[in-house]
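Here's the structure, in C-alpha cells; my notes come after.
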Amino acid sequence: IPLVISDQGGLTTHPDLTSSLTKKFLITLQKPFIKYIINSATKIVVPNDYEKKIFLEFCDESKIEVIQNGINLDILTSKELNFKKKYDINSDFVLFLGRFSKIKGLDTLLESINILKNKIDTSKTKFIIMGVDFGFESEMLNIITKFKLGNMIKVIKNPPREDVIQAYRESKFLVYPSRWELSPLTPLEGFAFKKTTISTTAHGIPHTISDDQNCILVEPDDPNLLSESILELINDEKKCERLGISGYQTVLKTCNSENMVKNILTIYEQLIKEKSKSGIM
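All residue numbers in the sequence shown are consecutive under full-length UniProt numbering, ending with 281.
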C-alpha cells in the first residue's frame with residue numbers, strides 16, 4: 001500500500017523544538033524514527049521549496065512533491081455582518097490575526113505601532129489584534145499599557161469564524177510579523193478579499209507570498225522596517241490596492257483548495273497505477 005505523508009509542523013525547524021535542553025534532547029532522540037518514516041514513504045507532499053529542502057536532509061528528491069497550500073474560496077460567499085459596528089470601530093483598521101504568541105511577532109508589532117503613534121492620524125487608523133492566547137496575552141496587554149497604545153489598538157479575543165472573515169473583508173490590509181511559518185494561510189485568506197499583507201522573510205513565508213508582487217516582506221524582529229512599511233501602505237492606497245488585487249489573482253489561479261485537492265488526487269492516482277502495473281495491488 002503506498003504511503004503518502006505530509007508534514008504540517010516544519011519537521012525539525014519550529015522554534016519551540018529548540019526552546020529548552022529537554023526539547024533538544026527529544027528531537028535528537030526522535031530523528032531516527034523520523035528518518036525511518038520518511039524512508040518508508042512512497043511520496044512526501046510539501047507546500048513549498050522551503051520544506052522541500054528540509055526533507056532533502058532525509059530522503060531523495062524524487063520522493064518529494066511540492067503542492068502549494070490553498071484556501072477555500074467559499075469564504076467569499078459567507079454572510080456579511082457589520083464588523084465595525086459590532087466592535088465599535090469608527091475608523092479604518094489594520095488587521096493582525098493569529099495566535100497571541102511571541103513566535104507570531106506580536107512584540108515587534110507593538111513596538112512598530114509605538115513608533116507610529118506620532119506619525120499617523122490615530123482617529124483615522126486603528127490596529128485590530130484578533131486571536132487566541134498561546135501564552136503571550138498577558139505580556140501583550142502589559143506592553144500595550146506600557147506604551148500607552150490603548151487608543152490605537154483593539155484586542156479581540158477568541159473571535160468566531162464569521163467575525164474573522166468579516167475582519168478580512170473590512171480591513172485596509174493585514175500585518176503578520178511572524179518569526180516562523182511553514183506555509184501561512186492567513187495572508188492567503190486576506191488575498192481572497194483583495195487585502196495585501198505585510199509579513200517577514202522568515203522561513204517558509206517568502207516561499208508562499210511574494211515581496212512587492214502581492215505583499216511587502218521585511219526582516220523579522222525589525223520594528224523600524226515594519227513601521228515604515230505600515231506607514232507606506234497607509235499613505236499609498238494605490239500600492240495597497242495593487243498588491244491586494246495581485247494577491248487575489250494568486251489565490252484565484254493557484255493557492256485555492258480546489259487546485260490543492262486536484263493535485264493531491266493526481267499523486268494518489270499515479271501511485272495506484274504504478275502499483276497496478278507492477279502487480280502488487
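Virtual Cβ for every residue (Gly too), placed ideally from N, Cα, C. Quick caveat, the model's predicted, so the values are computed rather than measured.
- Following the DSSP letters along the chain, one finds Gly131 inside the beta strand (DSSP E) bounded by residues Thr125 to Gly131.
- About 7 Å separates the beta carbon of Val132 from that of Phe100, a gap short enough to meet the 8 Å contact definition.
- With a cut-off of 8 Å on Cβ pairs, the stretch 103-110 is in contact with the stretch 214-230, counting three or more such pairs.
- Around the beta carbon of Asn214, 16 or more other beta carbons lie within 10 angstroms, which makes this residue buried.
- About 7 Å separates the beta carbon of Ile205 from that of Ser178, a gap short enough to meet the 8 Å contact definition.
- A contact between stretches requires three or more CB pairs, one per stretch, nearer than 8 Å, and the stretch 166-183 meets this requirement with the stretch 119-135.
- Under the criterion of beta carbons closer than 8 Å, Gly244 and Thr196 qualify as touching, at roughly 4 Å.
- By the Cβ rule, the stretch 144-154 does not count as touching the stretch 70-84, because fewer than three pairs are nearer than 8 Å.
- Between Val4 and Val46, the gap from beta carbon to beta carbon reaches 8 Å or more.
- The alpha helix (DSSP H) runs of length 4 or more contained entirely in the stretch 86-165 are, from start to end of the chain, 106-116 and 137-146.
- Taking a cut-off of 8 Å on C-beta distances, the stretch 54-64 touches the stretch 33-44, as three or more cross pairs fall below it.
- The C-beta distance from Phe191 to Val251 rounds to 5 Å, short enough to fall under 8 Å.
- Inclusion of Ile198 and Phe173 in the CB contact set at 8 Å is warranted, their separation being smaller than that value.
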